[in-house]
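Each residue of the sequence shown is one higher than the last, beginning at 80 in the working numbering. Ideal Cβ placement from N, Cα and C applies to all residues, glycine included. Below: the structure, in structure tokens.
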Amino acid sequence: MTARLRVDGHFGEYLQGRLGPRGPVVLVTLPCPLTGVVALHRPARDDLRLSGAGMSLPQARRFIASVGGTLTGRVRLRALVAPGMGTGVSTARLVALARLSGWDGGPDALAQACMSVEGATDPLMFDTPAQMLWASRLGQRVQPMPALPGHEVIGGIWGAPQRTNAADVRFADISDLIADWAQADTLTRFATLAGESARRNLRLRGPMGDPTEALARDLGALGWVMAHTGAMRGLIFAPGQVPEYARAALRAMGMRSILHFKGGAL
Numbered sequence: 080m081t082a083r084l085r086v087d088g089h090f091g092e093y094l095q096g097r098l099g100p101r102g103p104v105v106l107v108t109l110p111c112p113l114t115g116v117v118a119l120h121r122p123a124r125d126d127l128r129l130s131g132a133g134m135s136l137p138q139a140r141r142f143i144a145s146v147g148g149t150l151t152g153r154v155r156l157r158a159l160v161a162p163g164m165g166t167g168v169s170t171a172r173l174v175a176l177a178r179l180s181g182w183d184g185g186p187d188a189l190a191q192a193c194m195s196v197e198g199a200t201d202p203l204m205f206d207t208p209a210q211m212l213w214a215s216r217l218g219q220r221v222q223p224m225p226a227l228p229g230h231e232v233i234g235g236i237w238g239a240p241q242r243t244n245a246a247d248v249r250f251a252d253i254s255d256l257i258a259d260w261a262q263a264d265t266l267t268r269f270a271t272l273a274g275e276s277a278r279r280n281l282r283l284r285g286p287m288g289d290p291t292e293a294l295a296r297d298l299g300a301l302g303w304v305m306a307h308t309g310a311m312r313g314l315i316f317a318p319g320q321v322p323e324y325a326r327a328a329l330r331a332m333g334m335r336s337i338l339h340f341k342g343g344a345l
């Protein structure tokens, strides 16, 4: 019998940057139930066979051994969005392997195990990953963050894939945005801060000519988000306020693989 396991990914970040001019790279992730990895496992007594999600068998074996797990049989990993787009595939596939191999430890320890493979990891092993400030290059929680009010995000892929480089710390200082985020209590305020984080990221890192902010204004969105190292772009709306023509407008601006999902308090 084939077992199926799902690990949700994210849709870039509400915030990402440095905590002070020389501080660590930190983020507030945007969880997404439509991204991530699906793992199919057919148990068998023979050795592990692995396919999918861009992970090699030797790499998988080393990771499974590092978490004290055991996994045999055939495993197929399927990324719901291609790697390199900013949806957390590299972390989600490791979390899936850990859980299939019998991991029963806490999320902080699993994050450190993922760090040993990736060098930079997303907080997808936590139950409420958006409710923390996360140091992705350290694999550590920095501080709690408030839960967002319910909202909707519609967006997709714009531009080329961009793999995360763990040694890359060329990000804008967002310490002021983090302080404001911790005190925010309205969706409008959260969405405005997310848009400012994306704006600073584009100003420093590019690419030039990103049309997402202009489209957010045209469609009446409260704000916009991006994968700060990736190609995902999205618009934030209050519940039930996404225009019927939004999907067509996103496609017209060159966005592909459009996703529409709910975030925050459901």
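Over what stretch of residues does the beta strand (DSSP E) that includes residue i continue unbroken?
| i | result |
| --- | --- |
| residue 306 | First-last for residue 306: undefined, no H or E at that position. |
| residue 249 | No beta strand (DSSP E) holds residue 249; DSSP gives it neither H nor E. |
| residue 232 | 230-236 |
| residue 212 | 211-214 |
| residue 312 | 311-316 |
| residue 336 | 335-342 |
Just curious, the alpha helix (DSSP H) that residue i is in, first and last residue?
| i | result |
| --- | --- |
| residue 191 | 186-197 |
| residue 293 | 291-298 |
| residue 174 | 168-179 |
| residue 227 | First-last for residue 227: undefined, no H or E at that position. |
| residue 329 | 325-331 |
| residue 145 | 136-145 |
Which residue or residues does DSSP assign as beta-bridge partners of residue i?
| i | result |
| --- | --- |
| residue 85 | 117 |
| residue 112 | For residue 112, which the question treats as bridged, DSSP gives no partner whatsoever. |
| residue 130 | 155 |
| residue 95 | 106 |
Looking at residue j and residue i, is the spacing between their C-beta atoms short of 8 Å?
| i | j | result |
| --- | --- | --- |
| residue 310 | residue 236 | yes |
| residue 252 | residue 100 | yes |
| residue 322 | residue 298 | yes |
| residue 314 | residue 294 | yes |
| residue 230 | residue 316 | yes |
| residue 179 | residue 84 | yes |
| residue 159 | residue 116 | yes |
| residue 113 | residue 338 | yes |
| residue 190 | residue 146 | no |
| residue 203 | residue 87 | yes |
| residue 183 | residue 151 | no |
| residue 81 | residue 121 | yes |
| residue 343 | residue 212 | no |
| residue 98 | residue 234 | no |
| residue 207 | residue 193 | no |
| residue 148 | residue 185 | no |
| residue 291 | residue 268 | no |
| residue 286 | residue 161 | no |
My output table needs one value for residue i: the three-state DSSP class, helix, strand or coil.
| i | result |
| --- | --- |
| residue 241 | coil |
| residue 320 | coil |
| residue 220 | strand |
| residue 269 | helix |
| residue 205 | coil |
Check your understanding: With a cut-off of 8 Å, do at least 3 Cβ pairs link the region 136-145 to the region 107-118?
Key -> No contact exists between the region 136-145 and the region 107-118.
Exercise for review: Please confirm if the region 192-202 is in contact with the region 270-283, defined as three or more CB-CB distances below 8 Å between the two stretches.
Suggested key: Segments in contact, no.
Check your understanding: Are at least three pairs of beta-carbons, each pair with one atom in the region 303-317 and one in the region 165-178, less than 8 Å apart?
Key -> Enough Cβ pairs lie closer than 8 Å, so yes.
Review point. Any chance the region 123-132 sits against the region 146-161, with 3 or more Cβ pairs inside 8 Å?
Key: Yes, they touch.
Check your understanding: If you pair each beta-carbon of the region 217-226 with each one of the region 325-340, do three or more pairs fall below 8 Å?
Key -> The region 217-226 is not in contact with the region 325-340.
Practice item. Tell me, please, whether the region 85-99 touches the region 254-261 by the rule of three or more beta-carbon pairs shorter than 8 Å. Key: Under the 8 Å Cβ criterion, the region 85-99 counts as touching the region 254-261, having at least three qualifying pairs.
Check your understanding: Using 8 Å as the Cβ pair cut-off and three pairs as the minimum, do the region 277-296 and the region 242-252 touch?
Key -> By the criterion of at least three beta-carbon pairs nearer than 8 Å, the region 277-296 is in contact with the region 242-252.
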